[in-house]
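Trainee: In terms of full-length UniProt numbering, the sequence shown opens at residue 1 and continues consecutively.
Take this structure, written in structure tokens, and hold onto it; I'll ask about it next.
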Amino acid sequence: MLSQALLRLASAVSRRRMKLLLGVALLAYVASVWGNLVNMRSIQENGELRIESKIEEIVEPLREKIRDLEKSFTQKYPPVKFLSEKDRKRILITGGAGFVGSHLADKLMMDGHEVTVVDNFFTGRKRNVEHWIGHENFELINHDVVEPLYIEVDQIYHLASPASPPNYMYNPIKTLKTNTIGTLNMLGLAKRVGARLLLASTSEVYGDPEVHPQSEDYWGHVNPIGPRACYDEGKRVAETMCYAYMKQEGVEVRVARIFNTFGPRMHMNDGRVVSNFILQALQGEPLTVYGSGSQTRAFQYVSDLVNGLVALMNSNVSSPVNLGNPEEHTILEFAQLIKNLVGSGSEIQFLSEAQDDPQKRKPDIKKAKLMLGWEPVQVPLEEGLNKAIHYFRKELEYQANNQYIPKPKPARIKKGRMRHS
Ligand SMILES: NC(=O)c1ccc[n+]([C@@H]2O[C@H](COP(=O)([O-])OP(=O)(O)OC[C@H]3O[C@@H](n4cnc5c(N)ncnc54)[C@H](O)[C@@H]3O)[C@@H](O)[C@H]2O)c1
Numbered sequence: 001m002l003s004q005a006l007l008r009l010a011s012a013v014s015r016r017r018m019k020l021l022l023g024v025a026l027l028a029y030v031a032s033v034w035g036n037l038v039n040m041r042s043i044q045e046n047g048e049l050r051i052e053s054k055i056e057e058i059v060e061p062l063r064e065k066i067r068d069l070e071k072s073f074t075q076k077y078p079p080v081k082f083l084s085e086k087d088r089k090r091i092l093i094t095g096g097a098g099f100v101g102s103h104l105a106d107k108l109m110m111d112g113h114e115v116t117v118v119d120n121f122f123t124g125r126k127r128n129v130e131h132w133i134g135h136e137n138f139e140l141i142n143h144d145v146v147e148p149l150y151i152e153v154d155q156i157y158h159l160a161s162p163a164s165p166p167n168y169m170y171n172p173i174k175t176l177k178t179n180t181i182g183t184l185n186m187l188g189l190a191k192r193v194g195a196r197l198l199l200a201s202t203s204e205v206y207g208d209p210e211v212h213p214q215s216e217d218y219w220g221h222v223n224p225i226g227p228r229a230c231y232d233e234g235k236r237v238a239e240t241m242c243y244a245y246m247k248q249e250g251v252e253v254r255v256a257r258i259f260n261t262f263g264p265r266m267h268m269n270d271g272r273v274v275s276n277f278i279l280q281a282l283q284g285e286p287l288t289v290y291g292s293g294s295q296t297r298a299f300q301y302v303s304d305l306v307n308g309l310v311a312l313m314n315s316n317v318s319s320p321v322n323l324g325n326p327e328e329h330t331i332l333e334f335a336q337l338i339k340n341l342v343g344s345g346s347e348i349q350f351l352s353e354a355q356d357d358p359q360k361r362k363p364d365i366k367k368a369k370l371m372l373g374w375e376p377v378q379v380p381l382e383e384g385l386n387k388a389i390h391y392f393r394k395e396l397e398y399q400a401n402n403q404y405i406p407k408p409k410p411a412r413i414k415k416g417r418m419r420h421s
């Protein structure tokens with residue numbers, strides 16, 4: 001009896017031990033599986049982290065590119081006014097990628113008009129108007145005005161023509177074609193679409209004047225066969241064409257006789273005195289003065305001119321109007337002033353006089369004052385020169401070779417195709 005009882009007890013204990021052992025083994029198994037799982041998970045997590053950071057490395061530059069693209073799509077243009085359909089004009093500017101034309105495009109765009117710039121990029125540059133490219137009110141057309149143009153416009157500012165002596169003497173025949181055939185084409189367009197045309201004429205129509213200051217009723221003193229004749233006579237005949245179209249065809253014309261103008265976006269190889277002196281002074285080169293330097297010039301800042309052009313276009317004045325600054329300085333005074341403003345140690349170097357270089361140039365602007373209420377007074381000379389100096393300093397930094405020294409020799413006449421250096 002006792003022995004049976006002992007056997008039952010022993011088997012019960014071993015069963016309990018077995019159960020216990022089994023329990024422990026199960027726990028150990030679960031723990032190890034759990035441990036493995038945890039391990040695998042952390043390996044997986046580490047791997048995932050590494051993959052994620054690799055993906056991030058590849059994706060981030062792409063994201064940056066997308067951000068740049070988005071920025072370029074939503075590019076911020078200079079603010080433009082809203083004009084109602086009735087007040088908004090479709091305006092063509094020929095030569096609008098040039099110095100004056102691009103500032104005029106800025107003004108007309110900001111005033112809320114639709115502006116089409118036509119240019120063959122002889123001296124103009126896309127960079128001058130690139131801040132408008134893509135704007136719904138703006139269009140840029142690569143076109144030579146010597147070829148006819150068919151577009152619908154309300155006003156035409158006809159500025160297309162090389163303007164500085166080295167540029168217009170480079171290919172005198174092309175200069176003549178631009179000013180004659182080009183002007184005929186634009187007058188033809190004005191007649192066809194009923195647009196008003198403003199011709200950017202020049203003080204050069206007065207030649208080397210015998211009257212001082214020059215008023216609009218002075219007929220001028222131009223050498224018709226000299227090196228500057230392609231430009232001077234080209235502009236004179238362009239004026240004649242305007243009045244022929246006005247009288248014969250009823251085209252509304254405006255003629256601005258523009259005197260020397262300066263400011264940012266003048267071309268580096270413009271060759272005119274202000275840009276030459278600034279570039280020479282900025283690079284520590286001698287400031288080259290042709291002749292004695294006693295010849296006089298009067299300079300207006302470009303935004304003043306642009307205001308005058310817009311006032312003239314929108315006026316009732318169809319006869320020629322001088323737009324210029326009557327404040328006269330000698331070339332030598334300009335050289336000294338620019339040298340001081342730049343803070344340059346450059347010398348002033350005197351070279352032989354250029355042929356047919358006018359000795360005196362000063363506009364009589366009574367007519368503009370009286371009939372347009374216009375005077376070039378918004379930007380005083382020193383302020384304007386400082387703006388131009390700032391521009392040319394930046395341009396020099398922008399140039400790949402970081403140097404542009406205007407050559408101290410008169411403009412050349414080159415045979416062959418027109419190219420600008
Ligand atoms: N800047 C001045 O001091 C001044 C003085 C008097 C008159 N102007 C007149 O003002 C106008 C603009 O002068 P700017 O100083 O801006 O000169 P600019 O050379 O900077 O501009 C002239 C523009 O006309 C373009 N052009 C030339 N020939 C062309 C053609 N056949 N077809 C299409 N485009 C052509 C050029 O590429 C350039 O963009 C010119 O008509 C010039 O005679 C200027």
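For each residue, glycine too, the CB sits at the ideal point set by N, CA and C.
Here the structure is a predicted model, which is why all the values come from computation and not from measurement.
Starting from residue 196, follow its DSSP beta bridges and name the residues at the other end.
Mentor: In DSSP, residue 196 forms a bridge with 155.
Trainee: Can you tell me whether residue 36 is buried or exposed? The criterion is at least 16 other CB atoms within 10 Å of its CB, across all chains shown.
Mentor: Residue 36 should be labelled exposed.
Trainee: For ligand 1, I want to know if residue 99 counts as a neighbour, meaning its beta carbon is within less than 7 Å of at least one of the ligand's heavy atoms.
Mentor: True, at least one ligand heavy atom lies under 7 Å from that Cβ.
Trainee: In the DSSP output, which residue or residues are listed as bridge partners for residue 115?
Mentor: Beta-bridge pairing links residue 115 to 91 and 138.
Trainee: When you compare only the Cα positions, how much space is there between residue 54 and residue 44?
Mentor: Cα to Cα, residue 54 sits roughly 15 Å from residue 44.
Trainee: Sort out for me which residues DSSP pairs residue 255 with in a bridge.
Mentor: DSSP, once it has assigned bridges, lists 199 as partnering residue 255.
Trainee: Assign residue 323 to one of three DSSP states: helix, strand, or coil.
Mentor: Reduced to three states, the DSSP call for residue 323 is strand.
Trainee: Can you give me the C-alpha to C-alpha distance between residue 215 and residue 115, rounded to a whole angstrom?
Mentor: Each residue's alpha carbon lies about 32 Å from the other.
Trainee: Name the residue from 308, 91 and 68 whose alpha carbon lies nearest to the alpha carbon of residue 139.
Mentor: Answer by Cα proximity: 91.
Trainee: Does the pairing of the stretch 154–170 with the stretch 126–133 give three or more beta-carbon distances under 8 Å?
Mentor: No, they do not touch.
Trainee: Give the single residue among 373, 195, 230 and 153 whose Cα lies nearest to the Cα of residue 178.
Mentor: Closest by alpha carbon: 230.
Trainee: Can the beta-carbon of residue 271 be found less than 8 Å from the beta-carbon of residue 387?
Mentor: No, Cβ-Cβ distance for residue 271 and residue 387 is not below 8 Å.
Trainee: Taking 8 Å as the cut-off, decide whether the C-beta atoms of residue 366 and residue 212 are in contact.
Mentor: No, they are not a contact pair.
Trainee: I'd like to confirm something about residue 162: is its beta-carbon nearer than 7 Å to some heavy atom of ligand 1, or not?
Mentor: Residue 162 Cβ: within cutoff of ligand 1.
Trainee: Tell me the rounded alpha-carbon separation between residue 371 and residue 143.
Mentor: Distance between the alpha carbons of residue 371 and residue 143 is about 34 Å.
Trainee: Applying the criterion that 16 or more other CB atoms from any shown protein chain within 10 Å of the CB defines a buried residue, is residue 340 buried or exposed?
Mentor: Result: exposed.
Trainee: Cβ of residue 424 within 8 Å of Cβ of residue 217?
Mentor: In the structure as shown, the chain starts at 1 and stops at 421, and residue 424 therefore has no counterpart that could be examined.
Trainee: Below 7 Å, is the gap between the Cβ of residue 144 and the nearest heavy atom of ligand 1?
Mentor: Yes, the beta carbon of residue 144 sits closer than 7 Å to at least one heavy atom of ligand 1.
Trainee: Can you grab the Cα-Cα spacing for the pair residue 335 / residue 289, in whole Å?
Mentor: Rounded to whole angstroms, residue 335 to residue 289 spans 8 Å at the Cα level.
Trainee: Quick one: measure Cβ to Cβ for residue 162 and residue 175, integer angstroms, because I've assumed they're closer than 8 Å.
Mentor: Confirmed, about 6 Å.
Trainee: Considering only C-alpha positions, which residue in the set 268, 227, 80 and 351 is nearest to residue 398?
Mentor: The residue with the shortest Cα to Cα distance from residue 398 is 268.
Trainee: Just to check my reading of the structure: residue 80 and residue 101 have Cβ atoms closer than 8 Å, yes? What is that Cβ distance to the nearest angstrom?
Mentor: About 18 Å separates the two Cβ atoms, so there is no contact after all.
Trainee: Roughly how many whole angstroms lie between the Cα atoms of residue 323 and residue 228?
Mentor: Answer to the nearest angstrom: the Cα atoms are 21 Å apart.
Trainee: Going by C-alpha distance, which of 206, 244 and 97 is nearest residue 197?
Mentor: Nearest C-alpha to residue 197: 244.
Trainee: So, residue 331 versus residue 293, is the Cβ gap smaller than 8 Å?
Mentor: Against a cut-off of 8 Å, the Cβ pair of residue 293 and residue 331 comes out as a contact.
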